[in-house]
Amino acid sequence: HCSNLGLVNMEKNSFTEEIPSQVTFLSNLYELHLNKNSFIGFVPRSFGNLSSLRFLSLANNILEGSIPVELEHLSKLEYLDLSNNNLSSMVPKQLSLHTIGLVYNQFSGYLLFDFGLTLPILKMIYLEKNQSSGLIPTIIINASKLEIIDLPFNALTGPMPKNLGFLKNLRHINFTDNPLGDENDTDITLLTSLTQLHQSLLDSIYVALIENMLEGRLPESIVMISKLQQFYLYTNKILGKTPSVFGNIFGLLILNLRENHFEGTMPNSLANCTHLEEFLDLSSNNLSGSILEFLGELPLLENLNLSFNELEGEMPIKGVFKNATAFLFARNHKLCGGFKKRCPKRVVNLISIVALFILFLLVGTFTVICRKISPTRKSFRASPLEKKFQKVSYADLVHATDGFSSANMIGDGVIVYKGILKSYDQVIVVKNLVRIATICSTINFKGNDFKALVFDFMPKQIHCDRKPNNILLDNDLAAHVYDFGLARILSATTGESFFTKTSLLFIRGVIGYVVPDKILCNYSSQFLLGKYGLVGEVSILGDVYNFGILLLKIFTGKKPTDSMFSSSHNPVKFC
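Residues 1 to 575 (the UniProt record's numbering) make up the sequence shown, in order.
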């Protein structure tokens, strides 16, 4: 219903399905943008009815098939972009196009021989990444307004066109990755032809002849392409010395001649290329001599690649040579000097982190190994008896008593032996002299027989935490003390605990049941005094005080933390 609509722009959406045929009802439509969607199917034949259409872009979709011949009826069509689809036939004849984009499709076969005749006003042709083959037609020069010929990554063969220099408006040539050339000196005739462009009014010229299997020598006349700004000639078989005439192309921005057969020294005239701003690549040739100092004085040069040559001498240290990532010189074994490459800060930090991790890992491993090798440390002090008496092994006793012979037995009732040790000290050995207090015979928690003898010599303990919660009554109302988590073993000879204290300030018991410092001070000065229960050593006085407080609660019902007790009226005075 919008019959007067002239421009439709629906690019960069997510439209799918086929392109609706109703679009052709817009009889006044002159510009249509449907690119960058997901349209499928074929290019509608009904587009041939849009007689006013001048601009048509269907790029970046999923269209397939051939380009309909009905487009020949679009006499006003100037711009056609069908790039990035799956189309597979060339454009129809008799179009007034000035720009055609067919990049990334499936076009195959020969380019039209009447290319210049059928598209006489064509200015730009983009045919990158297709399957076009055959010769580049010489009749292409009939399209006298051509500015851009971009045909890279196809299968074009045969000699390079020798008459492109007649296209006075030509500013962009790209034949990259096509097996062009006759593998003789005539392959470079194209460059000779381009010297005629010096009469043009163009601002810049771009030439890319990359991986074309070209042979021969660069002509000195290339200097006449005075507007040349970007020149790519790498991966060919060009011979001879690097032309000094490049130094006379003052506007040259990029020069890439890598992977050829250039030889000799670098021409001094390159010093005149003061506009070289992106890169100069002469790698993988047979250049010799020293690196020219002036290359470090080119103010705009960002990247320099001289790798895989036979250069020698000392490297400059100015300009681009200061940046180790911008200057490449691998496989020039006779070079010396220059700046050492510094490790990036991130790399240094990463190395430091890895080194610290490895160090901690080694220390941890060493510590674990030492603990496994060294004997286990005892958590308690040795008995004072060990300091007072000499240690004697069982083997010594067997030897001294002649294997506990009856001839060395003394007395009746108990088994006592006499013997002489190696130190000639007389000793008396008594077996089973300690009285057995009781025995135990039961079943353990695993269901196995459990038998034990309880001897009368078992050491005394200090409970350290006697309180009502730790007194249990059995069926006969007999009291039993439990929870020995804070208990300490007491030496029978010195009255000291066998265990070392784990902390100088360690609360042993519950507030109210532990010995207050004032009471403890009246009995012994050897303890570290503090608040309630903050003592450095255990003592039997603590258990005595615990028991007294326990009796106090049983008979009076008073808690040791009752408000009636204060510093002047403590539980001891109350009792």
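Every residue, glycine too, gets a C-beta built ideally from N, C-alpha and C.
For residue j and residue i, the rounded distance between their alpha carbons
i: L56; j: L82; result: 9 Å
i: G264; j: I121; result: 46 Å
i: S524; j: Q461; result: Any answer about S524 is weak, because its pLDDT of 44 lies below 50 and its placement is not dependable; what the coordinates show is given next. Near 20 Å, if we compare the C-alpha coordinates of Q461 and S524.
i: F231; j: L191; result: 11 Å
i: I40; j: L58; result: 11 Å
i: K9; j: H98; result: In the sequence as presented, Lys is not what sits at residue 9; that position holds Asn. Cα to Cα, the separation comes out at about 21 Å.
i: I540; j: R488; result: 10 Å
i: T16; j: V23; result: 15 Å
i: L180; j: V69; result: 31 Å
i: A330; j: M315; result: 13 Å
i: M124; j: N35; result: 19 Å
i: P299; j: L253; result: 12 Å
i: L63; j: S38; result: 9 Å
i: V572; j: G557; result: 15 Å
i: I373; j: L359; result: 21 Å
i: S244; j: Y30; result: 52 Å
i: L164; j: G65; result: 33 Å
i: Y532; j: M409; result: Only weak support exists for where Y532 lies, its pLDDT of 38 falling under 50; the coordinates are left without a value.
i: R371; j: T325; result: 50 Å
Local conformation of residue i per DSSP, three classes
i: V69; result: helix
i: R171; result: coil
i: H569; result: coil
i: G101; result: strand
i: C464; result: coil
i: K559; result: coil
i: H399; result: helix
i: residue 576; result: Outside the shown range of the chain (1 to 575) lies residue 576, about which nothing can therefore be said.
i: F231; result: strand
i: G530; result: Note that G530 scores 36 on pLDDT, short of 50, meaning its location in the model is unreliable and no value can be drawn from it.
i: Q196; result: helix
i: residue 611; result: The chain is shown from 1 up to 575; residue 611 falls before or after that span and cannot be answered.
i: V43; result: coil
i: K334; result: strand
i: A479; result: strand
i: K12; result: coil
i: K341; result: Here the model assigns K341 a pLDDT of 49, short of 50, so the residue's position is not dependable, and the following value carries that caveat. Coil, per DSSP.
i: Y513; result: coil
i: I225; result: coil
i: G542; result: helix
i: E78; result: coil
i: G181; result: coil
Whole-number beta carbon distance between residue j and residue i, since they are thought to touch under 8 Å
i: I188; j: L214; result: 7 Å
i: S288; j: E259; result: Rounded, the Cβ-Cβ distance is 17 Å, inconsistent with contact.
i: S52; j: N28; result: 6 Å
i: residue 578; j: F246; result: Residue 578 falls outside the range modelled here, since the chain spans only 1 to 575, and no answer is possible.
i: L194; j: N169; result: With a Cβ gap of about 13 Å, L194 and N169 do not count as contacting.
i: D177; j: I210; result: 7 Å
i: Y234; j: D182; result: Actually they do not touch by this definition, with Cβ atoms about 20 Å apart.
Distance CB(residue i)-CB(residue j) smaller than 8 Å
i: L197; j: I173; result: no
i: K237; j: H275; result: no
i: I141; j: F166; result: yes
i: L71; j: P92; result: yes
i: Y126; j: L102; result: yes
i: L74; j: G48; result: yes
i: A395; j: G419; result: no
i: N332; j: L311; result: yes
i: F115; j: S88; result: no
Paired residues, beta bridge with residue i - DSSP
i: H261; result: L239
i: H33; result: N9, S57
i: A208; result: N174, Y232
i: S405; result: Per DSSP, none; premise fails for S405.
i: R488; result: I462
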